[in-house]
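Residue numbers (this note's numbering), protein chains in the order written: chain A, 5 to 87; chain B, 21 to 172.
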Amino acid sequence: MPDEFKPGCARPTGGPVGSGSVPEKVIEQKSQKEERPMIKVGKKAPDFTAPAFHNGKFVNVKLSDYLGKWVVLCFYPGDFTFV
Amino acid sequence: MSAVAAKYPEFQKLGVEVLSMSVDSVFVHKMWNEKELSKMVDGGIPYAMCSDGGGKVGTIYGIYDEDAGVETRGRFIIDPDGVVQGYEVLTPPVGRNVSETIRQIQAFQLVRESKGGEATPSGWKPGKMTLKPGPDLVGKVWEVWKTDNAFE
């Protein structure tokens with residue numbers, strides 16, 4: 005389950021798991037970005053890590069830590085928006 | 021997101037974990053929970069509110085709006101094997117129907133438990149009839165299932 009972390013002054017961020025150290029690929033992806041296909045049902049959900057606020061603590065969440073459970077992942081436009 | 025929080029006990033009963041995600045920092049999540057959401061739902065938000073500054077996660081899920089710099093309303097149902105079973109994406113002004121998400125999870129769970137032996141027809145809810153796909157059912161769905169069944 006998620007590990008707690010101590011926040012510093014930098015805004016913590018996460019990202020896809022298994023990327024980050026291959027800058028060449030990033031450039032390659034950028035030129036193809038407009039053709040990025042929507043993810044497909046019946047295929048693996050892309051793994052990611054993300055800092056989170058949970059029950060009063062700051063924790064690191066990793067999607068693959070939830071294997072064995074059903075997960076509902078809800079994106080939304082922003083905190084303090086109206087809907 | 022408060023509507024999802026209100027139904028969290030129901031999600032838990034179904035063995036479902038909820039994760040929310042926006043581009044806001046964890047600090048803003050804390051404040052939103054404290055200043056507003058905890059006044060809408062007893063005890064505040066019970067699930068992890070994830071932060072996706074830069075939209076890197078939203079981008080791989082295909083729901084990050086680069087022009088606006090925010091995530092659109094994408095909702096993904098992921099099964100215990102980590103496989104995406106369903107998703108829905110809405111533009112920001114229209115909210116989700118949480119009850120429909122729960123209904124879909126119940127349907128996906130039934131199909132999974134039956135190892136694909138049963139399928140849930142349009143408008144299925146727990147307690148309603150399922151279909152058992154096989155050679156005998158080909159061309160015979162009209163005998164066992166009526167369109168009215170989808171709408172009650």
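Cβ coordinates follow ideal geometry from the N, Cα and C atoms, glycine included.
* What first and last residue would you give for the beta strand (DSSP E) that runs through Phe-79/A? -> 74 to 79
* To do: Report the residue ranges of all beta strand (DSSP E) runs contained in full by the stretch 49 to 112 of chain B; include only those spanning at least 3 residues, in chain order.
  => 68 to 71, 93 to 98, 104 to 110
* **Cβ pair Leu-67/A, Asp-83/A closer than 9 angstroms** => The answer is no: Cβ separation not under 9 angstroms.
* Asked: Ala-68/B touches chain A at which residues, Cβ-Cβ below 8 angstroms?
  -> Pro-6, Ala-56, Phe-57, His-58, Val-63, Val-65
* With 16 as the cutoff for other CB atoms within 10 Å, does Asn-53/B come out buried or exposed? -> By the neighbour-count rule (16 or more Cβ atoms within 10 Å), Asn-53/B is buried.
* Applying a beta-carbon distance threshold of less than 7 angstroms, which residues of chain B neighbour Lys-48/A? -> Gly-102, Val-103
* Asked: What residue range is occupied by the uninterrupted alpha helix (DSSP H) comprising Phe-31/B?
  -> 28 to 33
* Asked: So does Glu-56/B have its beta carbon nearer than 8 angstroms to some heavy atom of the ligand GTP?
  -> Ligands are entirely absent from the displayed structure, and the ligand GTP is therefore not among its contents.
* Asked: Quick one: which chain A residues come within Cβ less than 8 angstroms of Trp-52/B?
  -> Asp-83, Phe-84
* What residue range is occupied by the uninterrupted alpha helix (DSSP H) comprising Val-21/A? -> Unbroken run through Val-21/A: none, as it is neither H nor E.
* Asked: Thinking C-alpha only, which one of Gly-102/B, Gln-129/B, Tyr-84/B, Val-118/B is nearest Thr-111/B?
  -> Tyr-84/B
* Asked: Of the residues Lys-148/B, Ile-98/B, Val-164/B, which one's Cα is nearest the Cα of Arg-132/B?
  -> Minimum Cα distance to Arg-132/B is reached at Ile-98/B.
* Examine chain B for any beta-carbon lying closer than 9 angstroms to the beta-carbon of Val-76/A, and answer yes or no. => The beta carbon of Val-76/A sits closer than 9 angstroms to some beta carbon of chain B.
* To do: Have a look at Asp-72/B and Ala-56/A and give me their C-alpha separation to the nearest angstrom.
  => 9 angstroms
* **Collapsed DSSP secondary structure at Phe-62/A in the structure displayed** => strand
* Asked: Is the beta carbon of Ser-40/B less than 9 angstroms from the beta carbon of Tyr-70/A?
  -> no
* Asked: With respect to the beta strand (DSSP E) encompassing Leu-39/B, which residues constitute its N-terminal and C-terminal limits?
  -> Leu-39/B: member of the beta strand (DSSP E) spanning 36 to 42, first to last residue.
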